[in-house]
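Working notes, structure below.
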Amino acid sequence: MSKNRTSAALPPLSTTPLTPETLKLLLDIFDHAMSHTHYAVSGHAALMVWGYRSNNNNHNRNKTKHPPFSHVSIVCPAADKQVILAWAKAAGWHVYAPSSSPGQGGDHADVIGVPVPGEGAGELVVWPFRLRAVGDPAAWENLDVVRPCEMETPYVGWAGEAMRTGARVLAVPTLLDEFGRAWYFCVVKGEGRSDGGGDERERHVAELMLWILRRLAADVEKNGVSARWKLMPDKVLCLLYDKFWDAFVHRYPDALSLFQQCGLPGPMRPARVEVATAFTATTTKTASDEFATGLYMVPPYGQGRGGSRIDDMLDHPHPTTPGESHTWI
40 MSKNRTSAAL PPLSTTPLTP ETLKLLLDIF DHAMSHTHYA VSGHAALMVW
90 GYRSNNNNHN RNKTKHPPFS HVSIVCPAAD KQVILAWAKA AGWHVYAPSS
140 SPGQGGDHAD VIGVPVPGEG AGELVVWPFR LRAVGDPAAW ENLDVVRPCE
190 METPYVGWAG EAMRTGARVL AVPTLLDEFG RAWYFCVVKG EGRSDGGGDE
240 RERHVAELML WILRRLAADV EKNGVSARWK LMPDKVLCLL YDKFWDAFVH
290 RYPDALSLFQ QCGLPGPMRP ARVEVATAFT ATTTKTASDE FATGLYMVPP
340 YGQGRGGSRI DDMLDHPHPT TPGESHTWI
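Just so you know, we're using our numbering here: the sequence shown kicks off at 40 and counts up by one.
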């Protein structure tokens with residue numbers, strides 16, 4: 040029996056861990072209704088599409104303990120958010136306001152409940168899709184989004200485990216870069232925590248990144264210049280941010296050779312003024328109250344718990360400070 044969270048006048052949202060089979064069904068249903076809109080599957084759901092399984096010891100080498108995810112994270116351009124919500128209602132799905140779906144979206148994500156038949160006669164299970172808008176059109180355009188079923192052959196590095204869904208999903212380099220942003224925030228935020236939670240999340244995100252890097256490197260080793268995805272500098276700006284690079288390689292020395300195999304010889308170390316021109320503010324705070332991740336500005340942990348685009352990338356909602364305008368993954 041799964042636990043569920045309820046919302047007034049709306050059916051409860053499932054908190055049962057998602058399996059690959061259920062995820063594929065949900066993604067295909069969602070894309071059938073939303074194929075004419077702009078969206079992308081992100082977070083742990085995207086990682087599962089590309090073959091990651093948290094219960095596989097070959098994937099979870101450090102056996103890091105982390106809760107299984109039970110919802111699908113979706114990102115879209117800000118201009119498409121209301122369109123997607125309207126089409127969800129037209130499809131007979133349920134729309135939960137951010138404040139009415141605690142634990143499924145925090146304060147800055149609407150949640151779409153997609154009902155599918157359950158195991159019992161007449162039973163419907165309502166699965167949550169957490170929808171976040173990308174406010175900067177240029178940031179949206181910089182995301183690489185693909186339909187896995189349209190790729191010519193299964194990605195070699197994933198050992199044939201890639202999910203052949205027609206839904207739009209963040210491509211592996213984009214997903215890796217977002218996890219890199221999340222890892223860097225975990226490290227900085229963790230310095231302000233006394234419960235050790237920051238360290239656990241940092242290790243979990245690093246584990247996900249190393250899993251991706253090993254498979255990218257395996258594909259490059261086998262296929263050389265024909266490898267499906269090499270890491271192009273203009274698509275992985277966070278990975279090339281010198282403070283991220285130095286910290287990550289220091290904690291995980293194996294990452295250096297993996298980065299190099301995947302096409303990244305080393306970080307960019309431009310003048311801070313030049314780096315600042317690439318930043319896009321994601322909060323209403325001033326730049327002096329934020330630290331740089333290499334592309335975006337994120338509030339330090341001491342100035343509001345979570346709520347940033349990189350927190351959301353992890354699919355772990357956190358309460359946010361009123362007035363903040365984080366709208367990302």
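Beta carbons are placed, not taken as given, at the ideal position from N, Cα and C, and that holds for glycine.
A distance of 8 Å or more separates the beta carbons of residue 278 and residue 183. Distance from the CA of residue 65 to the CA of residue 153, rounded to the nearest whole angstrom, comes to 8 Å. Annotated three-state conformation of residue 149 is strand, per DSSP. Here residue 62 is buried: its Cβ has 16 or more other Cβ atoms, across all protein chains shown, within 10 Å. Where residue 117 is concerned, the enclosing alpha helix (DSSP H) starts and stops at 117-129. A Cβ-Cβ distance of about 11 Å is found for the pair residue 302 and residue 252, leaving them out of contact under the 8 Å criterion. Excluding residues up to 5 positions away in sequence, 66, 88, 111, 112, 113, 206, 207, 208, 209 lie with their Cβ nearer than 8 Å to the Cβ of residue 80 in the same chain. Beta-bridge annotation (DSSP): residue 133 is paired with 152. Taking all protein chains shown into account, residue 189 has fewer than 16 neighbouring C-beta atoms within 10 Å of its C-beta and is therefore exposed. For residue 65, the enclosing alpha helix (DSSP H) covers residues 59-73.
Spatial neighbours of residue 70 in its own chain (CB-CB distance under 6 Å, excluding positions within 5 residues in sequence) are listed in chain order as 205, 206. Straight through space, the alpha carbons of residue 57 and residue 108 are spaced by roughly 6 Å. Per DSSP, the beta-bridge partners of residue 81 are 112.
When the Cα atoms are used, residue 53 and residue 155 turn out to be separated by approximately 11 Å. Annotation: residue 222 to residue 248 spans about 9 Å, alpha carbon to alpha carbon.
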